[in-house]
Amino acid sequence: MSLSRTINFILILSGGIIAIYAKAGDGQSVYLLMAGIVLLMMGIYRTSRNIPSKYKNDDTNDSNNDTAQ
45 MSLSRTINFI LILSGGIIAI YAKAGDGQSV YLLMAGIVLL MMGIYRTSRN IPSKYKNDDT
105 NDSNNDTAQ
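The sequence shown runs 45 to 113 under our numbering.
This is the structure:
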């Protein structure tokens, strides 16, 4: 497992645990909940950056095809 994937996994896991912990308590800490959500979203964003698109980029423009009626 590469270092980047490990970091992403740690960010997602720690963010989820912190967010669940902050919400479970009676005296909810808003800042702790926000920090957990930020860590979770950073991990998800970093993971999604490395997933390739399932569509190839085409150089054709569909708006040009509409005007040639």
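Just so you know, even glycine gets a beta-carbon here, dropped at the ideal spot from N, CA and C. Remember, predicted model here, so these are calculated numbers, not experimental data.
Helix, strand or coil at residue i according to DSSP, with G and I counted as helix
| i | result |
| --- | --- |
| Lys-98 | coil |
| Ser-73 | coil |
| Ser-46 | coil |
Neighbourhood of residue i by C-beta distance below 7 Å, restricted to the same chain and skipping five residues each side
| i | result |
| --- | --- |
| Ile-88 | Ile-56 |
C-beta contact flag for residue i and residue j at 8 Å
| i | j | result |
| --- | --- | --- |
| Ile-62 | Ala-79 | yes |
Own chain partners of residue i with C-beta closer than 6 Å, once the 5 adjacent residues on each side are dropped
| i | result |
| --- | --- |
| Gly-60 | Leu-84 |
| Ile-81 | Ala-63 |
Member of the options whose CA lies at the smallest distance from the CA of residue i
| i | options | result |
| --- | --- | --- |
| Ser-58 | Met-86, Ser-97, Lys-98 | Met-86 |
| Arg-49 | Tyr-99, Lys-98, Arg-93 | Arg-93 |
Nonlocal neighbours in the same chain, by C-beta distance under 8 Å from residue i, ignoring five residues either side
| i | result |
| --- | --- |
| Arg-90 | Ser-48, Ile-51, Asn-52, Leu-55 |
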